[in-house]
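If you're matching positions, the sequence shown starts at 8 in our numbering and goes up one per residue. Down below is the structure, laid out as structure tokens.
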Amino acid sequence: MLKNELQGVQLLKGFWFRSCFFQEIATAASIFGLNGKQLLLIDFVNYGKDFHIREEIAPMKAIKYFGLQIQKINISGMPTIVKAIDRGSPVLIGVDTYFYRIRKDLYRKEHRVHFVLVYGYNKETGMLSIVDHDHDTSYRFSKQRVSSEEIFEAEEKYREGMCKKRYTSMLIRKVSSRGDIKNLLSACKENLLEGINNFKEDIKLLEKLLKTGGEKLLQKSEKLGKFFFQAAKRKHCLQYSAFIENNSALQQLSEKSFQLFNYFKIFFYKLRKERELCFYEDNKAEILLK
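Below is the structure:
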């Protein structure tokens with residue numbers, strides 16, 4: 008075929024799911040008729056002890072629950088893309104942003120690993136159909152048609168320079184007609200219940216620290232700040248999960264939880280930055296109300 012474009016691409020908007028790699032994986036799932044928002048479930052906050060967040064379910068393992076398989080490859084120009092797309096497989100291409108002309112915010116400015124989802128091609132024009140975001144801090148992913156030469160050049164430079172592994176890119180395949188979402192839910196539920204019990208104990212410690220104040224609170228501020236930063240980011244992401252988007256009660260609970268964690272994220276950041284306990288004393292009444 009001279010041109011081909013996979014159908015069903017559903018963009019995930021309004022949140023940042025770990026990295027551009029996982030954001031694109033969740034988008035690619037929609038090509039196979041899956042709801043990419045289900046993948047967000049792996050980002051629930053699994054609390055360890057002493058204000059620690061554990062990574063119980065490896066993201067790459069979670070992808071298998073959706074019946075998807077990732078095959079590592081290198082790109083050999085347009086033939087690689089044509090072969091993959093004609094077989095129904097989108098391609099994740101790794102590039103070095105320093106040589107990636109499409110991203111004006113990083114081109115010729117900074118070397119970073121970046122992944123671009125390719126879901127179509129046109130051999131006559133030399134264009135590729137891709138999903139990407141406009142700049143580093145943007146959550147706004149969009150469908151674009153771009154020059155294949157520009158992407159292939161950035162991929163080649165990545166392979167020659169920053170790439171620490173044998174392969175730069177990946178094919179995404181559907182290897183089973185049904186995923187095993189129930190097993191993913193079961194694994195998440197088990198870990199979540201244990202994490203809640205850990206968090207209850209940590210809350211008691213946090214209450215004591217907040218009431219006492221002083222040097223102990225200041226000493227813990229960096230660790231607590233990192234904890235609430237991670238937790239707030241994940242709770243924000245989970246608000247878009249397919250499992251709560253149609254449940255108003257869970258949505259409200261998730262929103263309140265995010266607001267609270269975000270408040271403490273900011274509080275401990277300011278406390279750490281100020282390095283002055285007077286900041287705590289000035290805000291003590293409001294903090295204890297939280």
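The beta carbon of each residue, even a glycine, is placed where N, CA and C say it ideally should be.
Exercise. Which of helix, strand or coil does DSSP assign to residue 39?
Worked result: Mapped onto the sequence shown, residue 39 falls at position 32. Looking at residue 39 - three-state DSSP - the assignment turns out to be coil, as it is neither helix nor strand.
Problem set entry | For residue 190, the three-state DSSP class (helix, strand or coil) | Sequence index remark: in the sequence shown, residue 190 carries index 183 (1-based). Reduced to three states, the DSSP call for residue 190 is helix.
For this session: Please list, in chain order, all residues of the same chain as residue 229 whose beta carbon is under 6 Å from its beta carbon, the five residues on each side excluded.
Result: Taking the sequence shown and counting its residues from 1, the one referred to as residue 229 is at position 222. Result list for residue 229: 279, in chain order.
Exercise. Going by the CB atoms, is the gap between residue 109 and residue 153 shorter than 8 Å?
Worked result: By 1-based counting over the sequence shown, the position of residue 153 is 146. By 1-based counting over the sequence shown, the position of residue 109 is 102. Their beta carbons are under 8 Å apart, which means residue 153 touches residue 109 by this criterion.
For this session: Quick one: grab the DSSP three-state call for residue 173.
Result: Start at 1 with the first residue of the sequence shown, and residue 173 comes out as number 166. Residue state, collapsed to three classes: coil.
Exercise. Which residue comes first and which comes last in the alpha helix (DSSP H) that contains residue 229?
Worked result: As a working mapping, residue 229 is identified with position 222 in the sequence shown. Unbroken alpha helix (DSSP H) run through residue 229: 221 to 245.
Exercise. Which class does residue 148 belong to by DSSP, given the choice of helix, strand or coil?
Worked result: Position 141 of the sequence shown holds residue 148. Strand.
For this session: Determine the burial state of residue 191: buried for a count of at least 16 other Cβ atoms within 10 Å of its Cβ, exposed for fewer.
Result: As a working note, residue 191 is residue 184 in the sequence shown. It is buried - the Cβ of residue 191 has at least 16 other Cβ atoms within 10 Å.
Exercise. In whole angstroms, what separates the C-alpha of residue 233 from that of residue 124?
Worked result: Translated into the one-based positions of the sequence shown, residue 233 becomes position 226. Translated into the one-based positions of the sequence shown, residue 124 becomes position 117. Roughly 31 Å separates the two Cα atoms.
Exercise. Smallest Cα separation from residue 236: which of 129, 266 and 248?
Worked result: For this step, residue 236 is matched to residue 229 along the sequence shown. Nearest C-alpha to residue 236: 266.
For this session: Please list, in chain order, all residues of the same chain as residue 12 whose beta carbon is under 7 Å from its beta carbon, the five residues on each side excluded.
Result: Working through the sequence shown from its first residue, we reach residue 12 at position 5. 126, 127 and 136, listed in sequence order.
Exercise. Measuring CB to CB, does residue 183 end up less than 8 Å from residue 82?
Worked result: As a position in the sequence shown, residue 183 is number 176, starting the count at 1. As a position in the sequence shown, residue 82 is number 75, starting the count at 1. Cβ atoms of residue 183 and residue 82: not closer than 8 Å.
Exercise. In terms of residues, what are the limits of the beta strand (DSSP E) holding residue 252?
Worked result: As a first step, residue 252 must be located in the sequence shown, where it is residue number 245. Element bounds for residue 252: n/a, residue is neither H nor E.
Exercise. Do the region 206 to 220 and the region 250 to 263 make contact, defined as three or more Cβ pairs closer than 8 Å?
Worked result: no
Exercise. Along the chain, which unbroken stretches of the alpha helix (DSSP H) at least 4 residues long are found entirely within the region 68 to 134?
Worked result: 85 to 93
Problem set entry | Beta-carbon gap between residue 118 and residue 139 smaller than 8 Å | As a first step, residue 118 is located in the sequence shown; it is residue number 111 there, counting from the start. As a first step, residue 139 is located in the sequence shown; it is residue number 132 there, counting from the start. Going by C-beta atoms, residue 118 is not nearer than 8 Å to residue 139.
Exercise. Which value, in whole angstroms, describes the spacing of the CA atoms of residue 79 and residue 99?
Worked result: For the purposes of this step, residue 79 is taken as the residue at position 72 of the sequence shown. For the purposes of this step, residue 99 is taken as the residue at position 92 of the sequence shown. For residue 79 and residue 99, the distance between alpha carbons rounds to 9 Å.
Problem set entry | Residues near residue 67 by beta carbon distance below 8 Å, same chain, minus five either side | As a first step, residue 67 must be located in the sequence shown, where it is residue number 60. Hits under 8 Å: 77.
For this session: Determine the direct distance from the alpha carbon of residue 26 to that of residue 225, and round the result to whole angstroms.
Result: The sequence position of residue 225 within the sequence shown is 218, counting from 1. The sequence position of residue 26 within the sequence shown is 19, counting from 1. Distance between the alpha carbons of residue 225 and residue 26 is about 31 Å.
For this session: Could you spell out the range, first to last residue, of the alpha helix (DSSP H) harbouring residue 164?
Result: Within the sequence shown, residue 164 is the residue found at index 157, counting from 1. Where residue 164 is concerned, the enclosing alpha helix (DSSP H) stretches over 155 to 167.
Problem set entry | residue 11 - containing beta strand (DSSP E), residue span | Position 4 of the sequence shown, counting from 1, holds the residue named residue 11. That run of the beta strand (DSSP E) goes 10 to 12.
Problem set entry | residue 217 (DSSP reduced to helix, strand or coil) | One-based indexing of the sequence shown puts residue 217 at position 210. Residue state, collapsed to three classes: helix.
Exercise. Helix or strand or just coil, what does DSSP make of residue 180?
Worked result: On the sequence shown, residue 180 is found 173 positions in, with the first residue counted as 1. Residue 180 falls in the strand class under three-state DSSP.
Exercise. Skipping 5 residues on each side, what residues in its chain have a beta carbon closer than 6 Å to that of residue 211?
Worked result: Position 204 of the sequence shown, counting from 1, holds the residue named residue 211. Excluding residues within five positions, none has a Cβ falling inside 6 Å.
Exercise. Hey, how far is the Cα of residue 49 from the Cα of residue 193?
Worked result: Within the sequence shown, the letter at position 42 stands for residue 49. Within the sequence shown, the letter at position 186 stands for residue 193. Roughly 12 Å between the two C-alpha positions.
Exercise. Is residue 50 helix, strand or coil by DSSP?
Worked result: Reading the sequence shown from its first residue, position 43 is the one you call residue 50. Correct three-state label for residue 50: helix.
For this session: Spell out the partners DSSP gives residue 137 in its beta bridges.
Result: For the purposes of this step, residue 137 is taken as the residue at position 130 of the sequence shown. 125 and 151, per the DSSP bridge assignment.
Problem set entry | Distance between residue 220 and residue 43 (C-alpha atoms, nearest Å) | Position 36 of the sequence shown, counting from 1, holds the residue named residue 43. Position 213 of the sequence shown, counting from 1, holds the residue named residue 220. About 44 Å.
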